[in-house]
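Residues in the sequence shown are numbered consecutively from 3, following this note's numbering. Ideal Cβ positions, reconstructed from N, Cα and C, are used throughout, including at glycine. Here's the structure, in structure tokens; my notes come after.
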Amino acid sequence: MYINMKCKIVSIVFCIVIFVVLSSCVEDLDFNQADDIELTPTYIGSLIYSNLPQTSLVSPTGIEVSRISDVTRVEIFENSVTDRLKKVDIDFEITNPFDRRFTIDFRFLNQANDETYRIPQIEVNQNVSKYKVKEEIILSDNSAILNSTKIEVTVELLPSADGSIIDINDDKTFIFKSAGTFYFGIN
3 MYINMKCKIV SIVFCIVIFV VLSSCVEDLD FNQADDIELT PTYIGSLIYS NLPQTSLVSP
63 TGIEVSRISD VTRVEIFENS VTDRLKKVDI DFEITNPFDR RFTIDFRFLN QANDETYRIP
123 QIEVNQNVSK YKVKEEIILS DNSAILNSTK IEVTVELLPS ADGSIIDIND DKTFIFKSAG
183 TFYFGIN
């Protein structure tokens, strides 16, 4: 009797499974949709970070250093992934605690130091905290940037209206940060 009961349960379960399988809805699959998928990964990376204390803007003899320039090697465009790069957003954040205005020139250079892309000059007013600027670079319009191997940043201290200079004893720091958001298209 126990065996008969077990056979009946197995038969009922089998019938239910067959019924569900035969009566379920099936829709044709369109595998061509896979060709239309475009993945758009992004990568965010720091580019240049610089702190300029008042002692780097005024010499020990009291003469202002009006221009500071630095070239940094970058390897962001030196691999095959750049073939899929669509757009780059460059974000800047600047803090200027001084009673003076500054300008910043930000240029991408190739191995021969030829300019491949220039960010429009950034003008920084006096006494600003976390001043933000964004530059969008569309690669289809600016493909020369892909040849960049260096970034040159030039910070220029503009003359004061009254002829005064930065006080070397006043503990302040000009802070410049930049980061890139890289947008890729993969299909």
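Problem set entry | Residue ranges of each beta strand (DSSP E) within the segment 55-109, 3 or longer | 69-75, 87-98
Problem set entry | Supposed close pair residue 153, residue 108 - CB separation, criterion 8 Å | As a position in the sequence shown, residue 153 is number 151, starting the count at 1. As a position in the sequence shown, residue 108 is number 106, starting the count at 1. Going by Cβ atoms, the distance from residue 153 to residue 108 rounds to 7 Å, so yes, they are a contact pair.
Exercise. Going by Cα to Cα distance, which pick from 85, 66, 81, 51 is closest to residue 74?
Worked result: If you number the sequence shown from 1, residue 74 lands on position 72. When only C-alpha atoms are compared, the closest one is 51.
Exercise. What is the DSSP secondary structure of residue 150, counted as helix, strand or coil?
Worked result: Locating residue 150 in the sequence shown gives position 148, where the first residue counts as 1. In this structure, residue 150 counts as coil in the three-state DSSP scheme.
For this session: Name the residue from 142, 176, 56, 66 whose alpha carbon lies nearest to the alpha carbon of residue 89.
Result: If you number the sequence shown from 1, residue 89 lands on position 87. Ranking 142, 176, 56, 66 by Cα distance to residue 89 puts 142 first.
Problem set entry | Top-ranked residue by Cα proximity to residue 61, from 169, 178, 176 | Sequence index remark: in the sequence shown, residue 61 carries index 59 (1-based). Between residue 61 and the set 169, 178, 176, the nearest pair of CA atoms involves 169.
For this session: State the start and end residues of the unbroken beta strand (DSSP E) segment that holds residue 122.
Result: The residue you call residue 122 lines up with position 120 of the sequence shown. Its beta strand (DSSP E) spans residues 117-126.
Exercise. Should residue 98 be labelled buried (16 or more other beta-carbon atoms within 10 Å of its own) or exposed?
Worked result: Walking along the sequence shown from the start, residue 98 turns up at place 96. Classification for residue 98: buried.
Exercise. Is residue 188 buried or exposed, if buried means 16 or more other CB atoms sit within 10 Å of its CB?
Worked result: As a first step, residue 188 must be located in the sequence shown, where it is residue number 186. It counts as exposed.
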